[in-house]
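Q: Start counting at 1 in the sequence shown, then tack on 1341, and there's your number in my numbering.
Ideal Cβ placement from N, Cα and C applies to all residues, glycine included.
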Amino acid sequence: MGNSAPALKVRDSYSNIAPISGNSLVTVPDTKSNPYLKPERQRAYEAGLEANFLKNRVGFDVALYTNQTFDQLVPISVSYVTGYTSKWINAGEIANKGVEVSLFGTPVKQKDFSWDVKLNWAANRNKVVSLYTDEAGNEVTNLQLGSLQGGVTINARKGEPYGVISGTDYVYDKASGAKVLDAKGRYIPSPENNRVLGNVNPEWTAGLNNTFTYKNLSLGFLIDMQKGGSVFSLDMYYGLATGLYKESVGANDLGNPKRDPIAWTDADDHSKGYASNSGGTIYPGVQADGTPNTVRVDESDYHADGYQAKPNAAFVYDASFVKLREVSVAYNIPRPFLAKTRCLSAASLSLVGSNLWIIHKNLPYADPEASQSSGNIQGWQSGVLPSARNFGFTLNIQF
């Protein structure tokens, strides 16, 4: 079981482009087809248990699964001298395992009133077991899924989860683990730009659904939760540099505005320290010799080039959230009233609102889910619009 190759990816074909002077034109696609592509293969196993108690008042459903996907279909970069930017290949093996749990019950059940509750919880772990061997016979252990603005990449790396975020990290003091700053009081980025900074996959997801029913009226609400996952924020990457966000204003440790100029007790002798009216900020960490950092940085200067001086790790955030996903109100019109119509057997009215409230999140100024797509490029957020609340009205009629 698995996916077949995308259409027109086994044999080369042409793509139509806009005509010029009435002449029809075609072009060669940027991605090279591959006549040797094989369908993806998947081997999966699942075991589950469902049980109900107390006349279906309480129950649970648990499922455990594991699957391996082989020969995944992915485009990889190739030299531009070939006339293409990428080509399709079959790449390696990815292993997944996880658990899904559903708990449900009716805590209150009376003649005219009932309360039904259902909790769903799921966790998945995946790992890239292998990738592919290149034309020279060398094993490829990292496949770049996307190279993104801000200097980060999304990768499939052997031995890691599928979709790790890579880039520059902080330099850490070996003795204390504290971040190291340079002589100017700025954080030092790691010399390597392929450090693993995060993983786009959440640790777990959950949903809590409650429904309250009184006679013909019902009220329901759904809370969605996600724990973990990482996202790189290009908005913070640029927003802090341009001073648009509130983090670049406010008072420093001396009680003075951060953006005020640096002031010295003695302008000719800096060893006497900073004046009590000095602006700027001292950032936490240590100097190269392990001593606490005491260098005050001009806030406007720090954020003006922050995205150039600060490592990518500074803009990677936890994508956890808790949301009021949906609220619904429904009313079933009483049958005696419908009987008077002589044509309706059932009717109901309902109002539904979705994406109503982000109760908790860690990503500043944006919805963590707004960075997600159905493709490989996840875990990267840039210029997303605010989440839209949706409202709907439904009238169901049965004759």
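The beta strand (DSSP E) that contains Phe-1656, what's its start and end?
A: It is not in any beta strand (DSSP E) - Phe-1656 carries neither H nor E in the DSSP assignment.
Q: Of all the beta strand (DSSP E) runs that stay within the bounds of the stretch 1349-1388, which reach a length of 3 or more residues?
A: Counting whole runs of 3 or more residues, the stretch 1349-1388 contains the beta strand (DSSP E) stretches 1356-1361, 1364-1368.
Q: Restricting to Cα atoms, I'd like to know which of Pro-1543, Val-1541, Lys-1556, Asp-1565 is closest to Leu-1549.
A: Residue Asp-1565 is the option with its Cα nearest to Leu-1549.
Q: List the whole-angstrom C-beta distance separating Asn-1437 from Asn-1408, where the pair is believed to meet the contact cut-off of C-beta under 8 Å.
A: Confirmed, about 5 Å.
Q: Between Ser-1691, Ala-1650, Ser-1517, Gly-1614, which has its C-alpha nearest Phe-1734's C-alpha?
A: The shortest Cα separation from Phe-1734 among Ser-1691, Ala-1650, Ser-1517, Gly-1614 belongs to Ser-1691.
Q: Taking 7 Å as the threshold (C-beta atoms), are Ala-1582 and Tyr-1648 in contact?
A: It is a contact, given that the beta carbons lie within the stated cut-off.
Q: Which runs of the alpha helix (DSSP H) fall wholly inside the stretch 1431-1466 and span at least 4 residues, in chain order?
A: Taking only runs of at least 4 residues, no alpha helix (DSSP H) segment lies wholly in the stretch 1431-1466.
Q: Check Arg-1637 in the structure and name its three-state DSSP category.
A: In this structure, Arg-1637 counts as strand in the three-state DSSP scheme.
Q: Taking Trp-1429 as the reference, which of Tyr-1615, Ser-1418, Lys-1520, Tyr-1386 has the closest Cα?
A: Measuring from the Cα of Trp-1429, the nearest candidate turns out to be Ser-1418.
Q: If I measure Cβ to Cβ from Ser-1728 and keep anything under 6 Å in the same chain, skipping five residues before and after, which residues do I get?
A: Once the five neighbours on either side are set aside, the close Cβ partners of Ser-1728 are Asn-1696, Asp-1708.
Q: Need the endpoints of the alpha helix (DSSP H) that Asp-1576 sits in, please.
A: Note, Asp-1576: alpha helix (DSSP H), 1575-1580.
Q: Give me the residue from Glu-1441, Val-1440, Val-1458 with the minimum Cα distance to Pro-1448.
A: Checking every option, the nearest Cα to that of Pro-1448 belongs to Val-1458.
Q: Report the partner residues of His-1321 according to the DSSP bridge assignment.
A: Given a span of 1342 to 1740 for the chain in the structure shown, any question on residue 1321 remains unanswerable.
Q: Assuming Glu-1391 and Thr-1410 make a contact with CB atoms under 8 Å, what is their CB distance in whole Å?
A: About 27 Å; that fails the 8 Å criterion.
Q: With the cut-off set at 7 Å, would you say Gly-1694 and Phe-1732 are in Cβ contact?
A: For Gly-1694 and Phe-1732, yes; Cβs fall inside 7 Å.
Q: Within its chain, find whatever has a CB closer than 8 Å to the CB of Val-1351; leave out the 5 residues flanking it on each side and keep chain order.
A: Contacts found: Ser-1374, Asn-1375, Pro-1376, Leu-1378.
Q: Can you tell me where the alpha helix (DSSP H) holding Arg-1676 begins and where it ends?
A: Arg-1676 -> alpha helix (DSSP H) spans 1676-1680.
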